[in-house]
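Here's the structure, in structure tokens; my notes come after.
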Amino acid sequence: MIDYHNQHRDLIPGSPAQKLLEGLGRAVGFHDLDHIGAFGMPTGAYMEDMLAPAAIATAATRFGPLEKVHAFWFAGASCDGCSVAATGATNPTVESMMLGAHPGIPRVILHHPVINMESGAHYMRAAEQAMEGTLNAPYVVILEGSIMDELLAFDQGGYWSAAGEEPWGKGGELRPVSTTEWVARLSINAAAMVAIGTCATWGGIPSAEGNPTGAMSLMDFLGKDYRSVLGVPIVNIPGCPPIGDNFTETIAAVCYFLQGFGPLPEFDELGRPAWLFGETVHRRCVRGAYYEEGQFAHEFGDPECLVELGCWGPVVNCNITSRGAVRGIGGCMNAGAACIGCTMPGFPDKFTPFYKRPPGSLASTTVSRMTGSLIRPLRKFSNNNLNREVRWDKTGEVTSGFGREKSDPGMLAEVTHHFYDKMRRFNDNATNDGAAWGKIGDDGGDGRHPEQARGFKSGESSKKAMPGRR
Amino acid sequence: MCFKTLPVSFDGRGNATLRGGANPYGYTNSTPNHVEVTETEREERIKRLVARNGHIKDLNMDPITRIAGALALHVQADLDNGEYLDAHAQATLFRGYELILMGRDPRDAIFVSSRACGVCGGVHAHCAAYAIEMAMGIKPPPLGTVVRNMEQAAEMGYDNPLHLYLLAGPDYSESVIKASNPELWPLAESWPCPNAHIHGFKKMSDLMVALNPLTGSLYREGLDFTRLSREIVVILTGKYPHPQNVVPGGVSTTLTLQTLNEFHSKLGRIFDYAQRMMAVWDDIPAFFYEADERYMQVGSRPMTMIDAGYWDDPYAYDGTYENCNEWGDKRWSTPGAVIDGKLVTTRLTDINIGLEEFVEHAYYEPSHTTRHATDPLGNPLSPWHPWNKRTLPKPGARDWKDKYTWSTSVRWDRRAVEAGCYARMIINAQSRKIPTSDFIESTGHSVRMLVPKGEVGEREVEWHMPDVWNAFERNRARAHHYLYSQLVGLESLFEAYKLFQQGERQVASLTPEELEKAIPQDNRLGVGFWGAGRGWLVHHLEMDKGKLTNYQITTPSTLNASPRDPWGNPGPYEEAVMNTPMIEDLSNPESFTSIDMMRAIRSFDPCMPCTTHAYTGDGEIVREVNTCSCGGD
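Protein chains in written order, with numbering that gives the first Met the number 0: chain A, 0 to 469; chain B, 0 to 632.
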């Protein structure tokens, strides 16, 4: 068991985090809550205590050793879009985790500025306790938004992004404490550091060319050798915004493991959940087959593959086309929107200007156009045949009242399909002659295959053939 | 239309000219005459009170939770007299998005500026598209505009319940009432809800239990309906927040009949819920006003606000500044400026040229210019107008008399104007300009709406201009705006079906190749007049030689989180807090929670991620983004 109360390790020497805390000095003392009284505490209780009656499970149904875990959510250079994405998650939902309503997941005590009832110093109290080592359970830190270079602002007496104020100024004066500072201080004893969204995972838009704040990712900030007290490097769940389910599911998967019943979740070499980000988004793209057949959208709104409208899907790790955005609905290419690589470390500067085809796509689209020009007519040919009932082949009449441009297949097609069906049924056991089981008067229980019983025999016209798959 | 303070006169045809004199826009030459309490008078009063009273507390609430983004509030609270003597709103985040946009290809603006805010997640992308279209001379096809309207109506369907039930709602819940206003609880237990037949809560206490955070049924239902509306949005946009389908000249959505049908079937589930929402937020003010009349003062300030209009007429919108007053007037929500409850203009050009941004109390160096003396139509522009503004961010020490926030001070005709989705209700009630509709009507003093039948019966509702403007009325109007926006979504869907019926499929006017060729090489100005879940949203840009040379975002929460202006007038949050009485029991100063101040602030639906400003290095800042449709980052 890890001693969360007393274990203290230093930050990675030379990392921006270590330099920042060296520049800011020691944090001495916290708020005097007696002086503050109930200011900012309209329910008279902390969120953890308010929800406890609804959220606590006994050991009997807990599925594991962890009863609860604190989660500190901080927003750096952020748009809050990751928070919004997380509230959209349904597998599982954030509220089910907070209410302990999801078997196997410990009660999550979420400290989130958009959710909590307490404000001001009372809101920051749990973070202070985590720093002091007096928090009553292990904690994880979740960061959305990039880390900005606060030394740059601190040197001018200010900040870029602040969350709460603490008496850490000269002579104990209150000063706004930057998100960056909180993250550095809390990383020391955290059970895990989780970056959500492309800003926190790779820097994202706030770190794009021309930014004034020195914005960077959580990994860049804490350094390559950073490990949590559980020995885990930084976990990254990218996306701008991320898919809410990718976040909640990853947290849940880690919990299942810690509770002793789930497998050790696999993370890739960049700390992404491997089972979510292992494939390119193109591989499960609903328009991928257009690429295969060499058909590409030319105008916005066209139904074909979007690569020539500026889609980077074939080289981007993401799962939105298969998972959807909210409750399985949506997905960029599903809706007609080109992938701009928002889950990638190279976002945005390696993908701009937008709405312009990736130059590298020329080679592959040329090849797929060539193969597609061969494959498409053949598929159309078969598709036409498969769009005919077997009965129509016999009667020569298509009974659809909507009308068909071409009701007869034509001589060449008939001959081709005849040979095609021969090929399809080549080596088919059912070509053996035998009495059909199940025919009226011939159902002696001889154990023959029911398919044979339906009476398709070799030598019959291809017009009677079972429809089959290509 | 005329300005009260700005040195601009209008002729009979509405053309504006600058009144004479040297430096007509100077602070002393055009001074607002509505300064009620000067900073000096306020300070002296506080000094006097402090001298004879031990119960004045200097308090800073950082952070304020249950708002979007980073906001802190500093107050001087007189616990003897139950008054907030002073208030300073602090936007505590800066990211520098405008700077990141400087020098970029204009095609990048949509997806980069979208990231200014993830709470009002689609609005910046759309607003940027409008600004680019104006600068580049592009006009979307009707279906492109209709799809944008559908997206943005659906987005309101997520945004309004998120605020009412996750952010503001808990302040009226059992958990808060029992601790902060215990005297109200017995009353709530015996108070029958007038709208019980609609929302199903017999007593106010039942309703308050349902508002409890996480465990309450209204809280949970609200959260779930935000998800339903997000499902509707992503059918069209692919993802949310940050839509992936907005392009200059339209959208890239592949519209099929299935798209429209799914939109329809999901939207159809919302109208019953809208009825319940309006019923809940009608009963809450009724209860509080009856319990104690002082609640009418919580969060009060003059009904002075501004909105740029929302949801275009697909046949009128042509993307030009020249015709913006015509296409602006045909929007589903009319643009407008309201001063002390009265609609003074609906013209987008008036709204635009009255706009100024000051940085005396924000962490920036002054950077106004006289680069553009007029707008493209020849109307005079202030040196502090966004098209003239460069911003030099300079993080520095916090000083209540000097600089204390990252939010700039936005003024219209040198008045502090409020932004909110409710501004649409106030303007549309008076304008009588909204399009003919079976479902929505502007009567000149109210908005009348017909709720289509769902599982419960159809119902006609009417939202009236309130006599007082306060926290409760903001929330009530927001609940009605929820229905309004969903009816616009329904009307837009019908328009899409109609266009489909006519065989129309084109959703964007240019192909990617044509778009690239259309990037102009000369100097161009553009402005996107748009809206967000919190009201007003405007992007101003300038481009030259095919690159963005200036980009400015003015978000609703920049307006609302404004610090003092150069004349000492407070911003809307500050003013609303100073007007808020302390109604809670103050006999024990230790038990002072400031709940009414929080109700006041949250009623604005602050959203701070958008307040961002930027510099270019060496301390020189070129441009900034202000607060988000959200607030001050």
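Yeah, the Cβ is synthetic: ideal placement off N, Cα and C, and Gly gets one too. Model, not experiment: these values are computed from the prediction.
Check	Outcome
Contacts that P240 of chain A makes with chain B (C-beta to C-beta distance below 8 Å)	G117, G120, K238, Y239, P240, H241
Backbone secondary structure at P392 of chain B - three-state DSSP	strand
Environment of K201 of chain B [buried if 16+ CB atoms lie within 10 Å]	exposed
Endpoints, beta strand (DSSP E) assigned at M192 of chain A	191-195
Buried versus exposed call for N522 of chain B [16 or more other C-beta atoms within 10 Å across all chains shown]	exposed
Where E188 of chain B falls, given that 16 or more other Cβ within 10 Å makes a residue buried	exposed
Any C-beta of chain B under 9 Å from that of K393 of chain A	no
DSSP-derived helix/strand/coil call for G443 of chain A	Note on G443 of chain A: pLDDT 46, under 50, position unreliable in the model; no value is reported.
Separation of R410 of chain B from E355 of chain B, as counted between CA atoms	5 Å
Extent of the continuous alpha helix (DSSP H) run through T91 of chain B	Careful: T91 of chain B lies outside any alpha helix (DSSP H) and carries neither H nor E.
Contact with chain A by Y96 of chain B, beta-carbon distance below 9 Å	yes
Listed by chain order, chain B residues near A158 of chain A by CB distance under 8 Å	Rather than Ala, the amino acid found at residue 158 of chain A in this sequence is Tyr. In chain order: T91, P394.
R119 of chain B in three-state terms, based on DSSP	Residue identity check: residue 119 of chain B is Cys in the sequence provided, not Arg. Coil.
Own chain partners of T249 of chain A with C-beta closer than 6 Å, once the 5 adjacent residues on each side are dropped	I236, P272
Cβ shell of L210 of chain B (< 8 Å), same chain only, five flanking positions each side left out	Y164, G168, P169, Y171, S172, E173, L217, Y218
Under 9 Å (Cβ pairs) to chain B, residues found in the region 112-133 of chain A	P112, V113, I114, N115, M116, E117, S118, G119, A120, Y122, M123
Contact set between the region 73-89 of chain A and chain B, restricted to residues whose Cβ is under 8 Å from the partner	A74, A76, S77, C78, D79, G80, C81, S82, V83, A84, T86, G87, T89
Exposed unless 16 or more other CB atoms sit within 10 angstroms - verdict on R18 of chain B	exposed
F276 of chain A at chain B interface by Cβ criterion, 9 Å	no
Selection of the region 481-505 of chain B by Cβ proximity to chain A, strictly under 8 Å	R504, Q505
Test: F224 of chain B CB closer than 9 Å to a CB of chain A	no
Own chain, CB closer than 8 Å to V480 of chain B, minus 5 neighbours either side, in chain order	First, the residue type needs correcting, since residue 480 of chain B is His and not Val in the sequence shown. For H480 of chain B, where only same-chain residues beyond five positions count, the Cβ hits under 8 Å are M155, N159, C420, Y421, R423, M424.
Proximal residues, the region 4-28 of chain B versus chain A, C-beta separation under 7 Å	none
Straight-line gap, E150 of chain B to V232 of chain B (C-alpha atoms, nearest Å)	5 Å
Inside the region 36-103 of chain A only - beta strand (DSSP E) runs reaching at least 3 residues	67-74
Proximity winner among B:G20, B:T64, B:N32, B:D77, relative to C46 of chain B (alpha-carbon distances)	The sequence given here has Lys at residue 46 of chain B, not Cys. The residue with the shortest Cα to Cα distance from K46 of chain B is B:D77.
Terminal residues of the beta strand (DSSP E) in which K56 of chain B lies	55-60
Under 7 Å by beta carbon: chain B residues contacting R326 of chain A	R226, E230
Cβ distance (whole Å) where C126 of chain B is taken to contact G532 of chain B below 8 Å	So it is not a contact: roughly 13 Å between Cβ atoms.
CB of R477 of chain B within 9 Å of CB of D604 of chain B, strictly	yes
Residues from the region 38-65 of chain A in contact with chain B, defined by Cβ distance under 8 Å	F38, G39, M40, P41, T42, G43, A44, M46, M49, L50, A53
K456 of chain A in three-state terms, based on DSSP	Low confidence applies here, because K456 of chain A scores a pLDDT of 47, under 50, leaving its location unreliable; read the following figure in that light. Three-state DSSP puts K456 of chain A in coil, outside helix and strand.
Neighbour flag for Q258 of chain A against chain B, beta carbons, 9 Å	no
Residues bridged to W529 of chain B [DSSP beta-bridge criterion]	B:L536
Buried/exposed call for G481 of chain A, threshold 16 Cβ in 10 Å	This structure cannot speak to residue 481 of chain A, because chain A is shown only from 0 to 469.
Strand pairing of I108 of chain A, partner residues [DSSP]	A:H69
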